[in-house]
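For the sequence shown, the residue numbers in UniProt numbering are 1 to 86.
Right, one structure below, let's go through it.
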Amino acid sequence: MKSTGVVRPIDQLGRIVIPIELRRNLNLKELDPKTGKGDKLEIFIEGENIRLSKYKQGCIFCREINDLKEYMGDKICSKCASNISK
């Protein structure tokens, strides 16, 4: 893990601000209030560390994140789609 040298306080609601430069470098899209779309971050605990990763929605059945197709607003992988069609 690489240190950025950025230190941010936690506010009363537990929020931290990720600097715009980091969001741009990581291609994180902000929430669009009109569409409700934007990137999400997944939170991981590793010992005493917190790791944030760009959230990737997985298959609704097995959580696979590769080879996904959209079906009725949900993501489904080809393996689960094949199993359903049998």
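Even glycine gets a Cβ: it sits at the ideal position worked out from N, Cα and C.
Since the structure is predicted, the reported quantities are computational estimates derived from the model, not experimental observations.
The C-beta separation of S53 from E42 comes to about 5 Å, placing the pair in contact by the 8 Å criterion. The alpha carbon of S3 has as its nearest neighbour, out of D39, Q12, L22, the alpha carbon of L22. Counted as a single uninterrupted DSSP element, the stretch harbouring R8 is not any alpha helix (DSSP H), since DSSP gives it neither H nor E. Judged by beta-carbon spacing, V17 lies beyond the 8 Å limit of R24, meaning their Cβ atoms are not closer than that value. Taking the Cα positions, N49 is about 16 Å away from G5.
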